[in-house]
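S.K.: Be aware that the sequence shown starts at 39, since it is given in this note's numbering, and climbs by one per residue. In this text, a Cβ means the ideal position worked out from N, Cα and C, and glycines have one as well. All of these numbers come straight from a predicted model, not from anything done at the bench.
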Amino acid sequence: AVYFPNTIERLSWFLAANQTRLLRDLLRVVDLRNINHENICCLNTAVVVAIFAHRRNGLAYLIDELFELNEEDKEQKASQRHSQGIEVSDVSGNDNNAASLLSSFHSLGLDSNDSCKGVDTYKEKDQRKPPVLGDRSDVLRNFRELLWFWSEYYTHRGRDRLSLEFSSHLRFQEWDNVVKLLCADDGSSTSLLSHRIHLPRSPYTQAPRRAEARLRTF
39 AVYFPNTIER LSWFLAANQT RLLRDLLRVV DLRNINHENI CCLNTAVVVA
89 IFAHRRNGLA YLIDELFELN EEDKEQKASQ RHSQGIEVSD VSGNDNNAAS
139 LLSSFHSLGL DSNDSCKGVD TYKEKDQRKP PVLGDRSDVL RNFRELLWFW
189 SEYYTHRGRD RLSLEFSSHL RFQEWDNVVK LLCADDGSST SLLSHRIHLP
239 RSPYTQAPRR AEARLRTF
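1. Taking all protein chains shown into account, do 16 or more other C-beta atoms lie within 10 angstroms of the C-beta of residue 229, making it buried, or fewer, making it exposed?
2. Return the Cβ separation of residue 177 and residue 85 in integer angstroms, given the expectation that the two are a contact with Cβ distance under 8 Å.
3. Helix, strand or coil, according to DSSP, for residue 237 in the structure here?
4. Just tell me which of 44, 211, 67 has its CA closest to the CA of residue 192.
5. Round the Cβ separation of residue 81 and residue 73 to the nearest angstrom and send it over; I've been treating them as touching at under 8 Å.
6. Hey, would you say residue 62 sits closer than 9 Å to residue 104, going by beta carbons?
7. Can you give me the C-alpha to C-alpha distance between residue 110 and residue 202, rounded to a whole angstrom?
8. Whose C-alpha, out of 83, 240, 71, 199, is nearest the C-alpha of residue 180?
9. Can you give the Cα-Cα distance for residue 225 and residue 233, rounded to whole angstroms?
10. Measuring CB to CB, does residue 235 end up less than 9 Å from residue 190?
11. To the nearest angstrom, report how far apart residue 43 and residue 53 are at their CA atoms.
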């Protein structure tokens, strides 16, 4: 089909034809370590791409394409490291995971100290270090980690949910349904990952105990 320049039809065609690359580029901008009130719009736009794909019954296809792009990027980076004589090692490490999550929890308006406990206690059977939280080199995993933040952020914020609905003209239930499909972690065609990953404990699990402690002081 041929579309005239500067038309909605042409823009719609462009977005549909390049949705996977646009989604990948959005997920390279934010991660679990730097997401906040100012850049959460990038994450919301990524979820909108997934919502529209789901409406067209193309969410599984979108994830498959994203997986292929992710693998291509990994192979390209590995090839570059090999050509430059750089060994793949614990460059980024796992020691700063808890500290790197501070900005995310501050965006939630909660104390992050308790929620960051246990972040570095994850162990795999082969005793390798787990992937670092907020690693943008793995787009699928980064998307899954960001959706954990998205759920924590919006599930407990009624006003922000309403703002999201008004600005997007999409019911929050549709947002939530698609996010749950992406976060199923069961290897289904609409799930980002085939298994569960280690994620921080919800900061909201600490709030009731703090409130109860304050009541006891009176």
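M.R.: According to the data block:
1. buried
2. Not confirmed; about 14 Å, so no contact.
3. coil
4. 211
5. 7 Å
6. yes
7. 34 Å
8. 71
9. 7 Å
10. no
11. 14 Å
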